[in-house]
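Undergrad:
As C-alpha cells, then:
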C-alpha cells in the first residue's frame, strides 16, 4: 500500500474530496486501518458506493466547434482511496499478465518500457524496406467508436476466466465495473446523476489493463505475413508486395476476420475514421487498393495521423513537419510576451518554457520523422533558433551557432541524434519489444548501401550513428519480468539512522561516535563494507570485511550508482560463500539503499539484488546500514582504497542498465559539437567561450541579462543593425575603426580613461571571466551604451 501511495501523482480528488496528499500524510495507525479496509473490500468484493462515483469534466478539443458535444474530451475524477487500492490490485494483475505472456507482443499501450514510438519506428521501417524492394505497402488505420465507453463488461469477465484468474480478483473486478454513477461538472454547475451502463470506468487505474485484456485478441486476426501495431485502441494492419492483387487478397481476408472479431467482442469500427493508405514510390499510374469493411469501402487517403505523427504516401514527412511548425509557432507567442526587454522573465525561466512548450513538441517522434531529407528538416530550424533567440534576448543577427553555445542547447540535428541513440539503448534492454529485431538486426543493408538515394531504415541509421560516435551497446543488460511475484519478495532491513543524525552533525568525530554507538545494536554480525569508485570513464566496486576483500572493474562509462550496487552484490557473494548467518552491510550510497526498499524496481541491478537478498534472507539475517563517507570510519576508508585500486583491473562483462548509457551518449554528441565549435575561430562568442559549458548570467534583471548576452555574442544594435538596414558598417567617431563590441569594451582609445576606472584586460575572454558583470554595466552606462544595446 505504501508503494502504491508513493507512485501516485497529485491528481485532483474525486467526489469524496479526499486527495492523495491526505492519504500520504496519515499516521501509521490510520494507514493500518486503511489497509484493513482494503483487505475487507477485496475479500468481500463489495466496493463502497462512493468509490464508484465520478465527476466528469468536459475539456474542449482544440480547434473544434465548442457547441458540438462530441468535440469534448471527458476527464473523470474518481476516488483517490479507491485508486490506491486499484493500483495495488493492478500491479498484481499486470505481473500475472506479463509473467505468463498473456498480452500480445504487439500491444505497447501502458506497458513497462514500451510506448508509441515503438510502433512509429516499426511502421517507418516497414515502409522504408518496401521502398527498397520496390514494393507497394498498404496500411489500414482503424478507429474504434467510443472504445472505452462501449467495452463489453461480461466479455472482460469471460476473458479473465479464460486466462485462469480465479478467487477474489474476478469478484472485485465484476463489482468494480458495474453499477457506476457519474455527474458532469461545468464550472460550478453539476448535472443530474447518471448511471454508466457499459464500458470501463474513465480515469480508473484498472481500466487500462482491463481494456487491454479485452482488446488483446484482436491481433489473432492477423495473417502470417500481415504486420500489425496496437497501442491501447490505436490499431493498424499492413501488408507489402509487388503485386497489388496479393495485397488486396491478404488484407481483405484479415478485414473479414477483424469484423467478425468486433461483432463477437462488442466493438464497432468507425466507417468514417477507418482509412487506408497506399505507400509507394512508383511513378507509373497504378490503382489504389480496393478494400471493404462491413460492406463499406475503406477510403484511401494521401495522409493520416497515427499515434501523433502524420504519415504521407511518399513518407516524406513534409505534411507533419509543416503541421509541427505551425503548432510550435503558436506556442512561440507565449515566449514573445514573456521575453520583454525590460520586464520579461529571466533567461533560465524562458529556456525552461521553451523546452516544455516547444522543444517537447519537436522531440516527439523526431527519431522517426528525422529520417526525412535535410532540406525538409531545415524547415524546423527557424523555430528552434527563434525560441533560443527570445530566451537569450539575442540580437537578430546573432549567428545560430552562438545561440546554441550561449544557451547550451544543441542543434535540432544533434538533439534528434541523441534521442535516437537513447531510444536504441532502451530498446536493447527489452528483447520482447516488437521493434527490437527491426532495430537491432536491420535487414536489406546491402540494398541501402548500394543505392544512396534510398533513405535508410531506423536500424541502419542507429548503426551509422554508433559507428560515427564510437559507442557500443553490447553491455546493456536485458530487463525481464521476475518469476517471483513482487508481493512475495522479502525486503531487507535498511537502517538509515545515521543519515538522520548526519543532518544535525557535521564533525567527523561525531559521525564516528554515532556509528560506534549504532553498531553495538548488531552483536555477532559480520561487518561488510562496500563502496564504488569512478575516475573519468573507469568505474569499479569493492567490498571489505575482516580477512576478506574482493573487487571488480565495471564496463567503462557505468554510473557510480551501478558501482555501488555491484559492491553490495560482492558482499552477497561473500555472505553466501562463507555461509554467514548474520551480516551487516555498510554502504555510503543512500540512493541504492532507498531503491532496495522497492519490491518491484525497474533498474536491472537493483532488481537482481532485491531478488537475491530475498532468497538469502531465508537462511541469513541481513541488515543494510547507511554510513557517511570520508569521516574516518575504518572499514569505509579501507574499502574506498580498494575500490580505487580496482580501477586498474581488467574490465568485466557485467551487464549494466541502459540508463548508464545516457551520459555516454550525451558526452559523445557533446564532443562532436565541441569539435565543430573549435573550428568557429572567427565567431565572436568563440573568443569569449572556446569550450562548451553551461553559461548562466548571474544577473536576474532581464535587461542586464540581455545586455550581457549580446556583449558575449558580439551582436548588438549599435554594431550590427546596419545589416538589417542595408547600410555601411558603423565606424567609431573617435578613431575611425569599425565599431564593434570588442572595440568599445577594450580597444577604443577615446574610452580608455573611463575604462581604466573599471577594468584593464587584454582580451574579451579575460573580461568576461574575471570582471564582475556589474562593473561592466557601470562602464557601459558611463559611456552611454547600456540602454542602446
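Residue numbers (this note's numbering): 9 to 797.
Ideal Cβ placement from N, Cα and C applies to all residues, glycine included.
Note the first and the last residue of the continuous alpha helix (DSSP H) segment covering residue 28.
TA: As a working mapping, residue 28 is identified with position 20 in the chain shown. Its alpha helix (DSSP H) spans residues 28-32.
Undergrad: When we look at the beta-carbon of residue 877 and count the other beta-carbons within 10 Å, is it buried (16 or more) or exposed?
TA: Since the displayed the chain opens at 9 and closes at 797, residue 877 lies outside it and no answer follows.
Undergrad: Using DSSP bridges, identify the partner residues of residue 559.
TA: Taking the chain shown and counting its residues from 1, the one referred to as residue 559 is at position 551. Its beta-bridge partners are 550.
Undergrad: Name the residue from 786, 463, 576 whose alpha carbon lies nearest to the alpha carbon of residue 804.
TA: Here the chain has residues from 9 to 797 only, and residue 804 is not among them.
Undergrad: Nearest to residue 199 by alpha carbon, out of 174, 63, 124?
TA: Taking the chain shown and counting its residues from 1, one reaches residue 199 at position 191. If we check each option's Cα against that of residue 199, 63 comes out closest.
Undergrad: So the candidates are 594, 242, 612; which of them puts its Cα closest to the Cα of residue 633?
TA: Translated into positions along the chain shown, residue 633 becomes position 625. Comparing Cα positions, the closest option is 594.
Undergrad: Does the beta-carbon of residue 796 have 16 or more other beta-carbons within 10 angstroms, so that it is buried, or is it exposed?
TA: For the purposes of this step, residue 796 is taken as residue 788 along the chain shown, with counting starting at 1. Under this definition residue 796 is an exposed residue.
Undergrad: Expressed to the nearest angstrom, what Euclidean distance is found between the alpha-carbon atoms of residue 491 and residue 107?
TA: Taking the first residue of the chain shown as 1, we reach residue 491 at position 483. Taking the first residue of the chain shown as 1, we reach residue 107 at position 99. If you take the alpha carbons of residue 491 and residue 107, they lie about 7 Å apart.
Undergrad: Could you compute how far the alpha carbon of residue 701 sits from the alpha carbon of residue 565?
TA: Taking the first residue of the chain shown as 1, we reach residue 701 at position 693. Taking the first residue of the chain shown as 1, we reach residue 565 at position 557. Cα to Cα, residue 701 sits roughly 20 Å from residue 565.
Undergrad: Can you name, in chain order, every residue of its own chain whose Cβ lies under 6 Å from the Cβ of residue 436, other than the five neighbours on each side?
TA: As a position in the chain shown, residue 436 is number 428, starting the count at 1. Cβ neighbours of residue 436 beyond the five flanking positions: 481, 484.
Undergrad: Can you check which of these residues, 357, 454, 637, 418, is closest to residue 538 by C-alpha distance?
TA: The residue labelled residue 538 in the question sits at position 530 within the chain shown. Out of 357, 454, 637, 418, 637 has the C-alpha closest to the C-alpha of residue 538.
Undergrad: Got a sec? Which residues, its chain only, sit under 6 Å from residue 648 by beta carbon, not counting five neighbours each side?
TA: Sequence index remark: in the chain shown, residue 648 carries index 640 (1-based). Once the five neighbours on either side are set aside, the close Cβ partners of residue 648 are 539.
Undergrad: Could you check whether residue 168 and residue 97 sit closer than 8 Å to each other, using their CB atoms as the reference points?
TA: On the chain shown, residue 97 is found 89 positions in, with the first residue counted as 1. On the chain shown, residue 168 is found 160 positions in, with the first residue counted as 1. Result no, Cβ atoms of residue 97 and residue 168 do not sit closer than 8 Å.
Undergrad: Residue 643: buried (16+ other C-beta within 10 angstroms of its C-beta) or exposed?
TA: Locating residue 643 in the chain shown gives position 635, counting from the first residue. Looking at its Cβ environment, which holds 16 or more other Cβ atoms inside 10 Å, residue 643 is buried.
Undergrad: Per the DSSP calculation, residue 85 is bridged to which residue(s)?
TA: Here the question's residue 85 lines up with position 77 in the chain shown. In the DSSP output, where bridge partners are listed per residue, residue 85 has 63.
Undergrad: Tell me where the alpha helix (DSSP H) around residue 599 begins and ends.
TA: One-based indexing of the chain shown puts residue 599 at position 591. Taken as a continuous stretch (DSSP letters only), the alpha helix (DSSP H) holding residue 599 covers 598-603.
Undergrad: Taking Cβ to Cβ, would you say residue 146 is nearer than 8 Å to residue 259?
TA: Numbered from its first residue, the chain shown carries residue 146 at position 138. Numbered from its first residue, the chain shown carries residue 259 at position 251. Against a cut-off of 8 Å, the Cβ pair of residue 259 and residue 146 comes out as a contact.
Undergrad: Figure out for me which residue from 559, 578, 547 has the closest Cα to the Cα of residue 568.
TA: Numbered from its first residue, the chain shown carries residue 568 at position 560. Selected option, being the one with the closest Cα: 547.
Undergrad: What number of angstroms, rounded off, separates the C-alpha of residue 585 from the C-alpha of residue 613?
TA: In the chain shown, residue 585 corresponds to position 577, counting from 1. In the chain shown, residue 613 corresponds to position 605, counting from 1. Answer to the nearest angstrom: the Cα atoms are 20 Å apart.
Undergrad: Would you please state the rounded distance, in angstroms, between the beta carbons of residue 34 and residue 43? I believe it to be under 8 Å.
TA: Translated into the one-based positions of the chain shown, residue 34 becomes position 26. Translated into the one-based positions of the chain shown, residue 43 becomes position 35. Actually they are not in contact, since the Cβ atoms of residue 34 and residue 43 sit about 11 Å apart, beyond 8 Å.
Undergrad: Are residue 134 and residue 282 closer than 8 Å when you measure CB to CB?
TA: Along the chain shown, read from residue 1 onward, the residue named residue 134 stands at position 126. Along the chain shown, read from residue 1 onward, the residue named residue 282 stands at position 274. Contact flag unset, no.
Undergrad: Between the segment 48-68 and the segment 176-185, do three or more beta carbon pairs fall short of 8 Å?
TA: yes
Undergrad: Between the C-alpha atoms of residue 90 and residue 357, what's the straight-line distance to the nearest angstrom?
TA: Position 82 of the chain shown, counted from the first residue, corresponds to residue 90. Position 349 of the chain shown, counted from the first residue, corresponds to residue 357. So the two alpha carbons sit approximately 38 Å from each other.
Undergrad: Evaluate contact between the segment 271-291 and the segment 109-129, counting only Cβ atoms and requiring at least three cross-stretch pairs below 8 Å.
TA: no
Undergrad: Starting from the C-beta of residue 201, find all residues in its chain whose C-beta is less than 6 Å away, skip the five residues before and the five after it, and write them out in chain order.
TA: Start at 1 with the first residue of the chain shown, and residue 201 comes out as number 193. Taken in chain order, the residues that qualify are 189, 191.
Undergrad: With DSSP as the reference, label residue 542 as helix, strand or coil.
TA: On the chain shown, residue 542 is found 534 positions in, with the first residue counted as 1. Strand, per DSSP.
Undergrad: Between residue 597 and residue 578, which are expected to be in contact by the criterion C-beta below 8 Å, what is the C-beta distance as a whole number of angstroms?
TA: Residue mapping note: residue 597 aligns to position 589 of the chain shown, counting from 1. Residue mapping note: residue 578 aligns to position 570 of the chain shown, counting from 1. Not really, about 13 Å apart at Cβ, beyond 8 Å.
Undergrad: Based on DSSP bridge pairs, tell me the residues matched to residue 537.
TA: As a first step, residue 537 is located in the chain shown; it is residue number 529 there, counting from the start. Residue 537 is bridged to 552, 594.
Undergrad: Out of 469, 252, 608, state which residue places its alpha-carbon closest to the alpha-carbon of residue 293.
TA: Position 285 of the chain shown holds residue 293. Nearest of 469, 252, 608 to residue 293, Cα basis: 252.
Undergrad: Alpha carbon to alpha carbon, how far is residue 400 from residue 544?
TA: Numbered from its first residue, the chain shown carries residue 400 at position 392. Numbered from its first residue, the chain shown carries residue 544 at position 536. C-alpha separation (whole angstroms): 32 Å.
Undergrad: My output table needs one value for residue 285: the three-state DSSP class, helix, strand or coil.
TA: The residue you call residue 285 lines up with position 277 of the chain shown. It is a strand residue.
Undergrad: Pick helix, strand or coil for residue 136, following the three-state DSSP scheme.
TA: For the purposes of this step, residue 136 is taken as residue 128 along the chain shown, with counting starting at 1. DSSP places residue 136 in helix when its eight states are reduced to three.
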